[in-house]
Amino acid sequence: MSPTYSEYLRLEELLKLQTGVKDDKKKISNDELHFILVHQNFELWFKLIINELKSTIDILSSTYVEETKLPQAVHHMNRVIETFKLMSQQWRVMETLEPQDFLNFRDELGTASGFESFQMREMESLMGKKWIDGKPVGKDEKSLEKSLYEVTCDWLERTPIQGYTPNSADDEGQVNNFIKEYLKAHKSLYPDTTQDAIDFFEEDSSFRRRRAGLVFIESYRELPLLAWPRKLISTLIELEESMILWRSSHARMVERMIGRRVGTGGSSGVDYLDMTTKYRVFIDLWSVRSVLIKKEALPTLNNPDFYEFKGE
Numbered sequence: 005m006s007p008t009y010s011e012y013l014r015l016e017e018l019l020k021l022q023t024g025v026k027d028d029k030k031k032i033s034n035d036e037l038h039f040i041l042v043h044q045n046f047e048l049w050f051k052l053i054i055n056e057l058k059s060t061i062d063i064l065s066s067t068y069v070e071e072t073k074l075p076q077a078v079h080h081m082n083r084v085i086e087t088f089k090l091m092s093q094q095w096r097v098m099e100t101l102e103p104q105d106f107l108n109f110r111d112e113l114g115t116a117s118g119f120e121s122f123q124m125r126e127m128e129s130l131m132g133k134k135w136i137d138g139k140p141v142g143k144d145e146k147s148l149e150k151s152l153y154e155v156t157c158d159w160l161e162r163t164p165i166q167g168y169t170p171n172s173a174d175d176e177g178q179v180n181n182f183i184k185e186y187l188k189a190h191k192s193l194y195p196d197t198t199q200d201a202i203d204f205f206e207e208d209s210s211f212r213r214r215r216a217g218l219v220f221i222e223s224y225r226e227l228p229l230l231a232w233p234r235k236l237i238s239t240l241i242e243l244e245e246s247m248i249l250w251r252s253s254h255a256r257m258v259e260r261m262i263g264r265r266v267g268t269g270g271s272s273g274v275d276y277l278d279m280t281t282k283y284r285v286f287i288d289l290w291s292v293r294s295v296l297i298k299k300e301a302l303p304t305l306n307n308p309d310f311y312e313f314k315g316e
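FYI, in this note's numbering the residues of the sequence shown are 5 to 316.
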């Protein structure tokens, strides 16, 4: 016999989980029930985001990522983006709780805080480990998987530049020549900011090839073989932007609710939340926009056939 709607979703169990720390629904006010439900909803959305991020990481962590896999990775990230957009709007539901009404049950929380959400910590660590402020609460650090930031860096490192890959003979020479020609063109167009472009490539030699790969994809994005890689990069930016906007909405809700009070977990509250909106995981993906040049000034593509779709 097929399950009923209620059985499939296990609604009887789910709807009994809003009783608060005293486990007595008769003592829960409408406002406290509202508070619990909103935050439980966030945790459910976090679970979805974590699952989609892991699926994206699985795709990009391969030593060779097939072109047909990139649309799948973009699809997973688009779902995360839409979820963050939904969660940003969810704070508006939270704002229907009046500040004084929140104070009526705030003591029930004790030192419990949203910063203790192990799912939020896992979500942040999957995005990129720079997001972690200490060890994730409630999770063994050894359980952390490779982050989306790390697999993206590895993927960019393998970008074919002028038809050459890291395993190709004279790859380093070809990459260096591309960077040299690119900087020459940049200097002729934007002499006042050329040093910024030089620093982008030369700041750290270990970043050199992947940053060159990023510039190459952005510059020649209309080539068939680079169309989906460029879409992936654009989606990564949109993903991080959606997370930043969600954090910003969170900060404004908290400021509206408790002003500049210290958070329940002892954090600095709004000041801390505002600080998190300054973080960037995919720094290079944002920074590359400052060093791009117009299409007609780009270095000549040495092997254009390499970037065309291959027939059977």
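The beta carbon of each residue, even a glycine, is placed where N, CA and C say it ideally should be.
Simplified DSSP assignment, three categories, for residue i
i    : result
Y224 : coil
I297 : coil
Y168 : strand
R212 : helix
L48  : helix
R162 : coil
G217 : helix
S117 : coil
P303 : coil
E71  : helix
K20  : coil
K31  : helix
S59  : helix
Y283 : coil
V25  : coil
L101 : coil
R264 : coil
Y311 : helix
E242 : helix
S65  : coil
S291 : helix
E259 : helix
E149 : coil
Residue burial classification, residue i (beta-carbon count within 10 angstroms, cutoff 16)
i    : result
I165 : buried
P233 : buried
E102 : exposed
R215 : buried
I287 : exposed
V292 : buried
S10  : exposed
A201 : buried
W135 : Reliability of the predicted coordinates at W135 is poor, the pLDDT of 44 falling under 50, and the value obtained from them is presented with this limitation in mind. Its Cβ being crowded by 16 or more others within 10 Å, W135 is buried.
T163 : buried
A116 : exposed
Y12  : exposed
L107 : exposed
F313 : exposed
Q123 : buried
P140 : Confidence in P140 is poor, its pLDDT being 44 and thus under 50, which makes the residue's placement unreliable; the coordinate value appears in the next sentence. Buried, because 16 or more other Cβ atoms sit within 10 Å of the Cβ of P140.
R213 : buried
H43  : exposed
G263 : exposed
V84  : buried
A255 : buried
G177 : exposed
R125 : buried
G77  : First, the amino acid is wrong: residue 77 is Ala here, not Gly. Buried, because 16 or more other Cβ atoms sit within 10 Å of the Cβ of A77.
Y168 : buried
M98  : buried
V25  : exposed
Residue(s) in a DSSP beta bridge with residue i
i    : result
I237 : DSSP output for I237 lists no bridge partner at all.
Residue i: first and last residue of the uninterrupted alpha helix (DSSP H) it sits in
i    : result
M5   : Note, M5: premise wrong, no alpha helix (DSSP H); not H, not E.
N181 : D175 to L193
I202 : T198 to E206
A77  : L74 to M98
R125 : F122 to M131
D275 : V274 to T280
E11  : Y9 to L13
Using 8 Å as the threshold, is the segment 186-199 in touch with the segment 289-305, meaning 3 or more CB pairs across them? yes
I want to know whether the segment 213-228 touches the segment 58-66 - three or more CB-CB distances under 8 Å. Using a Cβ-Cβ distance cut-off of 8 Å, the segment 213-228 and the segment 58-66 are not in contact, since fewer than three pairs of beta carbons, one from each stretch, lie closer than that value.
Does the segment 35-47 come close enough to the segment 94-114 to have 3 or more Cβ pairs within less than 8 Å? yes
Taking contact to mean at least 3 C-beta pairs separated by less than 8 Å, is the segment 79-88 in contact with the segment 47-54? yes
Segment contact, 8 Å Cβ cut-off, at least three pairs: the segment 271-281 with the segment 228-244: no
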